[in-house]
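Every position in the sequence shown, counted from 1, becomes a number in the numbering used here once 1155 is added. Note that CB positions come from ideal geometry on N, CA and C, so glycine has one too.
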Amino acid sequence: DLRRARFAKGVLAPKGLLYFLTRPPAPPDWVRLGRRALARTARIMLAPLPLVGVHGMKLLARQIERLPLADGGERARLYMGNIVRMQEEIGTGGGGFRFLYASFLQELAAKTGYAALDGLASRLVEIGDRWREFALAAARMIRGRDTLSPPVLAARLRALAADEKLFFQSLHRAQRAWAR
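Pasting the structure below:
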């Protein structure tokens, strides 16, 4: 109930304060905001920084490929298990993020009338499905249902990185081609 929410305990407790609008917000300029959002996303995913975006996926593929199997694969299983948890359960990437971003692209296309975004959204849904397949393959290897083979997972991750690079390059081109 509202009273419990207003007087919740904790570090960032609201202390009973309520916030309200004094006037209705101005309607947003969806075209300007959409162009900016697409440019930022493409830049982050294609940037030359080694730990983020497409380069981060390639780095992760190299790390997976080099996992030692000398201890019966226990370290490799733990490492890949953490990847799947971070990707799918905790939500810092993977298929779920791609589905959310595809939904954003569809909504932006509907609000602005820029039809190219619908095609990009469907491509991103396909990439999201492949991320889920990657997570499933990793989970099957972790649980011993399939043979533990880090190079196979690394190859899948490299293929995903290549597809995402093409996708985000297309997104960047679509953003730049969007009529001002």
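- Taking C-beta separations shorter than 6 Å and ignoring five residues to either side along the sequence, the partners of residue 1213 in its chain run 1316, following chain order.
- Judged by DSSP in its simplified three-state form, residue 1270 adopts coil rather than helix or strand.
- Closest in alpha carbon position to residue 1281, among 1256, 1178 and 1298, is 1256.
- Between the region 1280 to 1300 and the region 1162 to 1175, the count of C-beta pairs closer than 8 Å stays below three; the two stretches do not touch.
- With a threshold of 16 other beta carbon atoms within 10 Å, residue 1204 falls short and is exposed.
- The DSSP-derived three-state label of residue 1317 is helix.
- Residue state for residue 1174 is assigned as coil, using DSSP reduced to three classes.
- Relative to residue 1311, the option among 1323, 1215, 1226 and 1325 whose CA is nearest is 1215.
- Taking one beta carbon from each stretch, the region 1252 to 1266 and the region 1222 to 1229 have fewer than 3 pairs nearer than 8 Å; the two do not touch.
- Judged by beta-carbon spacing, residue 1219 lies within the 8 Å limit of residue 1308, meaning their Cβ atoms are closer than that value.
- In chain order, 1220 place their CB closer than 7 Å to the CB of residue 1306, counting only its own chain and leaving out the 5 sequence neighbours on each side.
- Between residue 1292 and residue 1159, the alpha-carbon positions lie close to 44 Å from each other.
- The beta carbon of residue 1272 is closer than 6 Å to those of 1260, 1263 and 1264 in its chain, skipping five residues each way along the sequence.
- In chain order, 1309 place their CB closer than 8 Å to the CB of residue 1217, counting only its own chain and leaving out the 5 sequence neighbours on each side.
- It is roughly 20 Å from the alpha-carbon of residue 1202 to the alpha-carbon of residue 1332.
- At the C-beta level, residue 1228 and residue 1290 stay beyond 8 Å of one another.
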